[in-house]
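Residue numbers (the working numbering), protein chains in the order written: chain D, 103 to 502; chain H, 103 to 502; chain A, 103 to 502; chain V, 103 to 502.
In what follows, a structure is listed as structure tokens, so that the remarks can point back to it.
4 protein chains.
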Amino acid sequence: MARSKIGIWFVGAKGGVASTATVGLIALKKGLITSAGLVSELPRFQDIGMAAWNDFTIGGHEIREVGSFDEAWRMHTESRAIDPALLTRCKGDLDKLDKHIKTGTLLNVGSTIECLAGPAARRHSESPREAIERVKADLKTFASEQQLAHVIVVNVASTEPAVALAPLPDRWAELKKQIDKPRRCPLPASSLYAIAALELGYSYINFTPSLGSAAPAIDELARERGTRHMGHDGKTGETLLKSVLAPMFAKRNLQVMSWVGHNIFGNMDAKVLDDPANKQAKVTSKDRLLGQILGYTPQTLVSIERIESMGDWKTAWDHVHFTGFLGTPMTFQFIWQGCDSLLAAPLVLDLIRFTERAWRAGETGLLKFLCSFFKSPLGVAEHDFGIQFQMLEAWAAGLK
Amino acid sequence: MARSKIGIWFVGAKGGVASTATVGLIALKKGLITSAGLVSELPRFQDIGMAAWNDFTIGGHEIREVGSFDEAWRMHTESRAIDPALLTRCKGDLDKLDKHIKTGTLLNVGSTIECLAGPAARRHSESPREAIERVKADLKTFASEQQLAHVIVVNVASTEPAVALAPLPDRWAELKKQIDKPRRCPLPASSLYAIAALELGYSYINFTPSLGSAAPAIDELARERGTRHMGHDGKTGETLLKSVLAPMFAKRNLQVMSWVGHNIFGNMDAKVLDDPANKQAKVTSKDRLLGQILGYTPQTLVSIERIESMGDWKTAWDHVHFTGFLGTPMTFQFIWQGCDSLLAAPLVLDLIRFTERAWRAGETGLLKFLCSFFKSPLGVAEHDFGIQFQMLEAWAAGLK
Amino acid sequence: MARSKIGIWFVGAKGGVASTATVGLIALKKGLITSAGLVSELPRFQDIGMAAWNDFTIGGHEIREVGSFDEAWRMHTESRAIDPALLTRCKGDLDKLDKHIKTGTLLNVGSTIECLAGPAARRHSESPREAIERVKADLKTFASEQQLAHVIVVNVASTEPAVALAPLPDRWAELKKQIDKPRRCPLPASSLYAIAALELGYSYINFTPSLGSAAPAIDELARERGTRHMGHDGKTGETLLKSVLAPMFAKRNLQVMSWVGHNIFGNMDAKVLDDPANKQAKVTSKDRLLGQILGYTPQTLVSIERIESMGDWKTAWDHVHFTGFLGTPMTFQFIWQGCDSLLAAPLVLDLIRFTERAWRAGETGLLKFLCSFFKSPLGVAEHDFGIQFQMLEAWAAGLK
Amino acid sequence: MARSKIGIWFVGAKGGVASTATVGLIALKKGLITSAGLVSELPRFQDIGMAAWNDFTIGGHEIREVGSFDEAWRMHTESRAIDPALLTRCKGDLDKLDKHIKTGTLLNVGSTIECLAGPAARRHSESPREAIERVKADLKTFASEQQLAHVIVVNVASTEPAVALAPLPDRWAELKKQIDKPRRCPLPASSLYAIAALELGYSYINFTPSLGSAAPAIDELARERGTRHMGHDGKTGETLLKSVLAPMFAKRNLQVMSWVGHNIFGNMDAKVLDDPANKQAKVTSKDRLLGQILGYTPQTLVSIERIESMGDWKTAWDHVHFTGFLGTPMTFQFIWQGCDSLLAAPLVLDLIRFTERAWRAGETGLLKFLCSFFKSPLGVAEHDFGIQFQMLEAWAAGLK
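Right, dumping it as structure tokens:
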């Protein structure tokens, strides 16, 4: 068990995922919900000395000026996704949370995300280094006020436009210099938060397709500072199914000719992904695993479209056309109707809990054993969900 | 590589699965088809000294009096499932096969299967022991005429009515005595073929839900005689998907409330399963794995209905209702449109090839490493397809 | 406009459909909801002098001893089907309703429905004629206490076991005699309520597949008494779609080979339909229209299965296999995810409103113009929904 | 009955639709197929003096240099859509057809269609008027060689890029002048074929979304010349279903919030529609009917994507999200798996047969009674398929 309090710091603290994770943590502390959806609550992970839900406390950055409860309540009014009675019972704690949410940075988040920001966020005119230092100050205040032994920064903010990795220097020393020359620094906000966290020795988890800590130079920073990070892009729905189903086609030698996946949903994430620049990062992340699993590249199509009436309910239709014995084509289709934030939130809490345990175990660098949680796991080529999960089990077995 | 010829003996030699496997073997020998659908052709199994397709020759038992080519041709005319050009190119070899097909036994196959039988099968009035000896004589003739080093008997006949295992004696010595007292012997044809094969030291594979070699006493016979067997009920479609998808729900702690599966198809198998006695064996086999994988028992419903127009195309609609985080219900549905015989046939050929390799490796008793091929693998409690497949890979690795 | 108050008398007043219709009527009176789902609110029916929602007041019979609000609340807790805020705002009116609900009769309802009944209903040991007279007394009390100009009795109670029509006498005079000889009277409760209503000159609508007023002798009673009735079995979901889609296949000469429909749901209706005796009436009603529309009879399969987790959400998967040009088979599938009571309730209110208008117009006998609302419309052979709807439009046009 | 031979002239004579219609006509003449898919073969149209299939003879224009049989054969090899035995029996007649196919024009067809053309089509460098005259010469040769009483020109060529109607003059006299000044003439090939046909007094049917005869000036030409035309864009699959299902939502007052339709297929039409310019015409045509039927405009999304493995099999997934009673959202989804050319071809033959009958009846101008066959019927605002079909029935009733 954790001896002391651990901070959770959400980047995008009032978005759908953070709101839902926050409601979830409050509800878990109050004993209002079961363990459904929480991987870390599976029997096989119960004897590895995991922190209790009560050990965690929440803070975060947000660019919009809205109330935590109001945002959570939209999960009921717009999506009929959370029982309003549960939300009402968590209202008091949600309201208290608002004072721990600081104003986030808009550096390189792109115009679509900028449009969502409130006046406070827009007021900041800062260089990358100034943004990093401001974030660090917020984190340090949080840690000292709450008497925290450690902080885990989790990016659950809107998807930023894709940033090319190639032009970035591989070494931290080089990247650091770039940061100090603002005009030459293409790093988006997600990476600045990562750097702030890692420079303080805190852990960083990127649950989104944004760049975050994916640059090798930032990984070097993590290792230098003896801290840890992982990402990216939480594997919650359609892609989870791909990573479960594609291995079946591969192992049965059923040749996939084409795999089409259409996703529709209507929450704020959908609004941001309506911008082609932001969508690109997401689609790439959803599409790349098939080739690795199958060993060849079928024709694929992934679309994500904003349909407002769907709210947080993401519906995916996937159509798999494959060749069977004697060359006969066959078809497999699935329809997934899941609530996006409710699928993501428990995984975010799981990642925090596993990361906290890794911190206590003294693990540094990339936390590859968490790969089953991500669409594009950093440093891991394996995309078969079953095998990825065995990596988590093996890690847990090593802790017993 | 196999030094000498190996016999394949199909029980139900002109049924859809055997016909398709036979066409497939001919087409493989002629180089007319690719490896699609064949597990044993995956790169990972290429360096374990597997027999070549040319090493195999086919014979079998059948209760109907029909031509091999005509039955295969129905896969085109009734189901549009096999390219007629391919069938035409295999006609000569199919015609030659007819003379190696002997008349099967109708002992305890139930009235629905009896109705399918031709006059020759109906003429036999025999005791269980007489049936076994007749089968053995047919197998020995086949082996000597074809100069075979070994024979693998594969049951792909229609599903027999369920037989209770409990009343059967556990020891072979006891069961053997029962066989000699015909009025007390409840063993169905599938078990008599198994006994005939095993008494001759041949291998036996049960691809159907019929009893076959599932009785402990028959397993004892196999071990006594130093031979091998495995079963039962080939995992080809909807159940394969359950064994792939249920582990995902389990590992993500998504609580399955109900899992409904409706199957429709129209081939001869469907006709036999239209008899509730025969259907029971099948439904039980399709339904039992969920509890093992999930660790709890959700409400389940499995239906198999005969819809004549579907022919060999089995369409399954599965509806999974599960509870996610904060107690919110979500839904996953899939539609599988596969051609039943074309899914089964390559697995039958794979099982034969792996069994032949196990024979050369001197393995005896239950071939548990083949569990990924079966809905109800004998002697194996594991139903997670990914883990089952790793057992096959581990066996192959041990042969290198 | 109606000059005076009209009574709605629900048989099965606290079941899902009646509860939802009651909540709906309250919400309409309070202006809390839009017209979604209400046919009578379409622009084309606005100038025919329809009664206002405020003109109606509710009473009814029920065999269970439960509170109206509690039953309505289950639509939220068990099915997440009605916004709890809406239910809460209707609570006061629902509570007041309880005193207008009388104890129903259990005569010939079958054992499954009997099991649902409370002690009060079980206490009644009455002959058919006594039951009719008790119902009439309840209706008269309701009419006089509420000062009603007319009462419309609507059967929304659980489906009774099927009763054969053939043995019933065709003339009311004969049937009346049978009723007075209880041992010879096979009439179920639904018919006794119908007779009670019609003998009083009230209108009767049967929204269920139960016998109700379907017997020719009861129709004669209605005509003799100058009143009106219609039924039966509300067309809310899967069958509605059949009556919309089958005409397309017919008009395009696409030959339907098979039409398979699987329905799953989990409300109290599902519990009653779990009894094969009760289910038969329903399945027959869902299945018969295809032949009439297509002009030939394809293979059909209709299943209704109780899956508890689904609550009031009825999900139907329909698979239509049809032959196109040059004999090529093609497939159409649909998945309908509708909330059963919410689909039924507005139609019940529409039927009441249209029936009230017909009463004022002096129409008697079968109200055939309502056929688009029913799976098995009495006295109407037409099942094409589009043409049925034109009959409603023509009736309305005649009133202008 | 027709006294004399009638010519069918296909623009795009070796494309999938024309090839399939041609095979169909040959097979009908030979009595090889049933009437499945043919509207004109419905009993209700049998006593209106329709021409026999034997009365028709085929010719056409094509820009590719391929053999008629080879193109038809692809329906088997690439799509498994037509029984090869049937194709083989039609081979002799298909081969004879090749000499009646002339080289088409590439004027304003756009670069994607130009890329498909063979050298002969590319060689023509002609003005619009020259193209019209060349087409007329081909038609006259066909008519005189075959001794035809009338010719019906049917456009089944690839979809051209959209052309704005607004800038075109409304009067034929003005448009005619434009045609003679080639630089100012935006008319695409489909319109030039229409003008050629109409100037000769022949009938013209546009089965595609291309401009064809949609310009008012061309309609004036048809009326001036006493001939007839209709279009456009055959209603074969997903849009047919929309025109059948949307009226149900409208009549039941179920408020459609969003209607999403994703289409995948892989034939040559798909290749052409892969060009956004060409796709636009199609998507617009598929999308516009919902607003007319519903009376309001829900959010809609229509995608058509080329997935090569699908060949001629067009699969559409439609997701309809609608509001029911008390504001509760519900969902309807369908999956349509139809063979594009096999759905279109019989309608093309039906249109020809009905148009021939209208010619004999002396009808001129727009043949509005054919509206049920088109996604965007010229001159008809009604999109409810049931009501459209009644217009066809009323026309037929008038001929009796």
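A virtual CB, placed ideally from N, CA and C, is assigned to each residue, including glycine.
All figures in this text were calculated on a predicted structure; none of them were measured in a lab.
request  = Compute the beta-carbon to beta-carbon distance between residue 371 of chain A and residue 442 of chain A, rounded to the nearest angstrom, for a pair I have assumed lies under 8 angstroms.
outcome  = 7 angstroms
inquiry  = Just to confirm before moving on: does the CB-CB distance between residue 384 of chain D and residue 335 of chain D stay below 9 angstroms?
reply    = yes
ask   = Run through DSSP, which three-state label would residue 186 of chain H get?
value = helix
message = Taking DSSP's pairing of strands, which residues face residue 204 of chain D in a bridge?
response = Per DSSP, D:163.
inquiry  = For the structure I just gave you, are there three or more beta carbon pairs, one from the region 277-286 of chain D and one from the region 216-227 of chain D, closer than 8 angstroms?
reply    = no
message = Would residue 271 of chain D and residue 288 of chain D be called neighbours here (beta carbons separated by less than 9 angstroms)?
response = no
request  = With DSSP as the reference, label residue 354 of chain V as helix, strand or coil.
outcome  = coil
message = Here's the rule: buried if 16 or more other CB atoms are within 10 angstroms of the residue's CB, otherwise exposed. What is residue 381 of chain A?
response = buried
request  = Go through its chain and collect everything with a Cβ distance to residue 104 of chain H's Cβ below 6 angstroms, but skip five positions before and after it.
outcome  = Confidence at residue 104 of chain H is low in this model, with a pLDDT of 46, below 50, so the placement of that residue is unreliable and no value is reported for it.
ask   = Which residues, in chain order, does the region 406-426 of chain A contribute to contact with chain H at a C-beta distance below 7 angstroms?
value = 407, 409, 410, 411, 412, 417, 419, 421, 423
request  = Just the chain A side, please: which residues come within less than 7 angstroms of residue 127 of chain H by C-beta, in chain order?
outcome  = Within chain A, not a single residue places a beta-carbon under 7 angstroms from that of residue 127 of chain H; the smallest gap is close to 29 angstroms.
message = On the DSSP letters alone, give me the boundaries of the alpha helix (DSSP H) that residue 442 of chain D sits inside.
response = 442-462
ask   = How would you list, in chain order, the residues of chain V whose beta-carbon sits under 8 angstroms from the beta-carbon of residue 493 of chain D?
value = What residue 493 of chain D touches in chain V: nothing, since even the nearest Cβ is about 34 angstroms away.
message = When you compare the CB positions of residue 402 of chain H and residue 362 of chain H, do they come within less than 9 angstroms of one another, or not?
response = In this structure, the beta-carbon distance from residue 402 of chain H to residue 362 of chain H falls below 9 angstroms.
task = Could you tell me which chain V residues have their CB closer than 9 angstroms to the CB of residue 359 of chain D, listed as they occur along the chain?
result = 409, 410, 411, 412
inquiry  = Output needed in chain order: residues of the region 389-404 of chain A with a Cβ under 7 angstroms from some Cβ in chain H.
reply    = Residues 401, 403.
Residue burial classification, residue 176 of chain H (beta-carbon count within 10 angstroms, cutoff 16) = The residue in question, residue 176 of chain H, is buried, as its Cβ has 16 or more Cβ neighbours within 10 Å.
Environment of residue 213 of chain H [buried if 16+ CB atoms lie within 10 Å] = exposed
Touch test, the region 113-133 of chain V against the region 428-446 of chain V, Cβ-Cβ under 8 angstroms, three pairs minimum = yes
request  = For chain A, find out if any of its Cβ atoms is closer than 9 angstroms to the Cβ of residue 104 of chain D; answer yes or no.
outcome  = With a pLDDT of only 46 at residue 104 of chain D, under the threshold of 50, the placement of this residue in the model should not be trusted; the figure read from the coordinates follows. Output row for residue 104 of chain D: interface = no.
task = Alpha carbon to alpha carbon, how far is residue 450 of chain V from residue 457 of chain V? Give it in angstroms, no decimals.
result = 10 angstroms
Same chain, Cβ closer than 7 angstroms to residue 107 of chain V, neighbours up to 5 away in sequence not counted = Within its own chain, the residues whose Cβ lies closer than 7 angstroms to the Cβ of residue 107 of chain V, once the five positions on either side in sequence are excluded, are 157, 159, 248, 249, 250, 251, listed in chain order.
message = Less than 9 angstroms between the beta carbons of residue 131 of chain D and residue 162 of chain D, yes or no?
response = no
task = Quick one: residues in its chain with C-beta nearer than 7 angstroms to the C-beta of residue 127 of chain V, no 5 flanking neighbours on either side, listed in chain order?
result = 155, 158, 160, 451
task = Leaving aside the five residues before and after residue 487 of chain H along the sequence, list all residues of the same chain whose C-beta is less than 7 angstroms from its C-beta, in chain order.
result = 342, 345, 346, 474
query = For residue 221 of chain V, which residues of its own chain have a beta-carbon under 8 angstroms away from its beta-carbon, when the five flanking residues on both sides are left out?
reply = 167
query = Thinking C-alpha only, which one of V:349, V:470, V:374, V:297 is nearest residue 489 of chain A?
reply = V:349
ask   = Between the region 228-237 of chain H and the region 290-304 of chain H, are three or more C-beta pairs nearer than 8 angstroms?
value = These segments touch.
ask   = Using CA coordinates, which residue listed in A:151, A:326, A:314 is at the minimum distance from residue 478 of chain A?
value = A:314
ask   = Taking just the CA atoms, how far does residue 195 of chain V sit from residue 412 of chain H?
value = 33 angstroms
query = What residue does the beta strand (DSSP E) around residue 398 of chain A start on, and which one ends it?
reply = Here residue 398 of chain A belongs to no beta strand (DSSP E), and DSSP marks it neither H nor E.
message = Residues of the region 431-458 of chain D in Cβ contact with chain V at a cutoff of 9 angstroms, in chain order, please.
response = Under the 9 angstroms Cβ criterion, the region 431-458 of chain D contributes 431, 433, 435, 437, 439.
inquiry  = Let me confirm a value: residue 145 of chain H is counted as buried when at least 16 other C-beta atoms fall within 10 Å, else exposed. Which label applies?
reply    = exposed
request  = Determine the DSSP secondary structure at residue 210 of chain V, reduced to helix, strand or coil.
outcome  = coil
message = Within 9 angstroms of any Cβ in chain V, is that where the Cβ of residue 486 of chain A sits?
response = yes
ask   = Does DSSP put residue 288 of chain H in a helix, in a strand, or in coil?
value = coil
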